[in-house]
Ligand code: MIG
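In UniProt numbering, the protein residues as written are 1 to 810.
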């Protein structure tokens, strides 16, 4: 192991310092007052910025350099770092002077071999390419005994990552199902959030190479960062709250794109709906049974021999008509696109021909075209590291858009490739060789460096294509593989889970962790992908599915159908109820999507996000928050009609009957169809009328007020599609609730912004322990309110004119 030794000399650099050690150079830069970047390179030759860098250029912050006998350091308004001159070890602290993210020594490095990296076990070349790929950098940060470690992306394990070694390397991990023992999966997110009472901080390891985090697994008090590539490069996020960490991470890597409203509705999928008639039957099934639906997904069999950007004309003779007919029923169509392009020489398959002629496909280290087997048979793979190739790929979506397709589902983009046709026994994974050259001729990169970006850049190319070819609408792209920053381009799902209770339970820490990594729009296949689902499992999965930011039912080929009516009338009623609840919650969910797009705020999140000062909640992963107002505690095991729930100190209400619920642990009823759902006191929950599709108007808005703690909320609305919202065509309605001696006061502020919602009825439901004597609106007595004892609420209805109002109970 080599170390940097002591400081030789240092100098000021833009927004920071450049420190020359006996061996190696360190750069410390305040990219913002609350985000410092550290780079260390043993030879002092730092890698140049690439156009696929997920970090947005930052302005840089004012900093002061300080030096004492003992330390050299850098200070901004929010963050301070000290460098130990003898070892290069850093220690950070905030305004409170409490150190965090302390190095246990300086950066160290050595030549590494591939066998040391568990996440690269499936890579066939057992040698790393020569050069920086073989230089592994290590850094140990002290793990505070009371700290929890969260995030690190899409994993099958526990919410708190302590005691794990976690590799960051994208693979198709279909096993089948997602056992907890799995390490890396389809996505790579080398970012971690640490949390202890009073301080959350984050770290984004800015490396697309293979990297891993050893979170106290080999040494109990050390968070060991490791990366290939010859350079250590990370961003330290100062927090101090979990919300601040996610805000800082998404300020760097991009905010979550605001999705079109329709995409927050229910999606139905399966591998595959056989043909146009079958798709129509599914749509009719939903409509006939009054089960809301916004989107149907077409899996790989819609294509002609799995050739991307084609249709099988026997199954779908008139795609435009099929899509248009669905659209008339308020249902959009999403189609799958894989990266593998059939290496078709016999027919005139333009995608392959053009791609070959224009040099868009990945080549082998020896110069020939790289081929591997996927659904279309022998296939070629676009090199998404090249700007021209991304554009070319994006442009191929133009016909699909012209046919009316609403969104694109990118699959198999880890990339997943095998060494022989799918129907031949004994197939083995055949990833691209690590020494494969990708990227622009003038700035090539090794596959070892950009492997983790393959799916990410495919999704980015797709979203950019949708934006170019349909500029008035928001692109909607779903991707399986991704790297940190994907939230600006695409929604993700967690891949091929299994119909079993374990995978249902796992979805909570999984989706929660994604939110902490800055990618809030995600969900898992409801009902489970592999194997046959069954009524009880499906019903329970649907119940929690209403709270996945991306809500889709999907299942594998050959499994029992998983539409809501496939398990009998009782389960159908539960599934309908769950989807209906989702649709009623849309005004709230859409506001959460806006907040995510502004600050990165996760939608579904672990309790530690909203209650960071209670270590008790760091490991509680079977209850989650859905935005700041709702807590949901799903049933994830067989035969339950009650479950333990733990409510943090404060005021809580049972969503279903409006009753106050005491904080602390409690055994709570959880009968089928009534997922334990709690509203935080001080909430104004906004519910819409029941709709079968988001294409139906929002004709009624219910404000459910839960007093107890004074609170503010702003309902955010816009056209639900397009970009006018970014030019001020938005409606923001401030809502506040407070307690006075006379009673509860609800204030509906003046609507702000140029978007004018269509006229609608407003319903006020004010949850109170007992009936008030009366209701005043803007100082005048209101007479037409009702007391609903079963709901413990006052109910009053009027028509929304966008005016400010002050309501008082007396
Ligand atoms: O080799 O397109 O994760 O959702 O249904 C399987 C078929 C390829 C994997 C995806 C899954 C999809 C399936 N795909």
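C-beta atoms are modelled at their ideal positions from N, C-alpha and C, and glycine is treated no differently.
Any heavy atom of the ligand MIG closer than 7 Å to the Cβ of residue i?
i: residue 480; result: yes
i: residue 300; result: yes
i: residue 309; result: no
i: residue 495; result: yes
i: residue 547; result: no
i: residue 182; result: no
i: residue 723; result: no
i: residue 312; result: no
i: residue 554; result: yes
i: residue 408; result: no
i: residue 419; result: no
i: residue 529; result: yes
i: residue 579; result: no
i: residue 541; result: no
i: residue 672; result: no
i: residue 709; result: no
i: residue 336; result: yes
i: residue 423; result: no
i: residue 412; result: yes
i: residue 262; result: no
i: residue 271; result: yes
Please determine, among the options, the residue with the shortest C-alpha to C-alpha distance to residue i.
i: residue 39; options: 76, 90, 65 and 9; result: 90
i: residue 321; options: 400, 260, 763 and 130; result: 400
i: residue 459; options: 479, 779 and 750; result: 479
i: residue 42; options: 2, 113 and 50; result: 2
i: residue 435; options: 451, 429 and 424; result: 451
i: residue 650; options: 642, 595, 614 and 359; result: 614
i: residue 255; options: 782, 594 and 690; result: 594
i: residue 718; options: 771, 588 and 611; result: 588
i: residue 251; options: 548, 359, 749 and 60; result: 60
i: residue 363; options: 62, 386 and 556; result: 386
i: residue 172; options: 559, 154 and 305; result: 154
i: residue 448; options: 402, 48, 438 and 720; result: 438
i: residue 370; options: 396, 158 and 361; result: 361
i: residue 585; options: 457, 601 and 690; result: 690
Should residue i go down as buried or exposed, given a rule of 16 or more other Cβ atoms within 10 Å for buried?
i: residue 219; result: exposed
i: residue 509; result: buried
i: residue 111; result: exposed
i: residue 443; result: exposed
i: residue 820; result: As displayed, the chain neither begins before 1 nor continues past 810, which places residue 820 out of reach and without an answer.
i: residue 68; result: exposed
i: residue 761; result: exposed
i: residue 464; result: buried
i: residue 667; result: exposed
i: residue 343; result: buried
i: residue 801; result: exposed
i: residue 191; result: buried
i: residue 540; result: buried
i: residue 227; result: buried
i: residue 756; result: exposed
Return the bridge partner residues of residue i from the DSSP annotation.
i: residue 379; result: 342 and 372
i: residue 111; result: 135
i: residue 669; result: 642
i: residue 680; result: 652
i: residue 233; result: 39
i: residue 167; result: 212
i: residue 21; result: 7
i: residue 525; result: 552
i: residue 486; result: DSSP output for residue 486 lists no bridge partner at all.
i: residue 765; result: 704 and 795
i: residue 268; result: 296 and 553
Cβ contact (3+ pairs, closer than 8 Å) linking the region 511-518 and the region 223-230: no
Assess contact between the region 415-432 and the region 266-286, defined as three or more Cβ pairs (one per stretch) separated by less than 8 Å. Is contact present? no
Is it true that the region 575-590 meets the region 156-173, where meeting means three or more beta-carbon pairs spaced less than 8 Å apart? no
On the three-pair Cβ rule with 8 Å, is the region 228-243 touching the region 204-216? yes
Is there contact between the region 120-134 and the region 423-438, where contact requires at least three CB pairs shorter than 8 Å? yes
Decide yes or no for the touch test of the region 742-759 against the region 612-630: beta carbon pairs closer than 8 Å, at least 3 of them. no
Would you check if there are 3 or more beta carbon pairs closer than 8 Å linking the region 92-100 to the region 12-30? no
Contact between the region 132-149 and the region 488-504: three or more CB pairs below 8 Å? no
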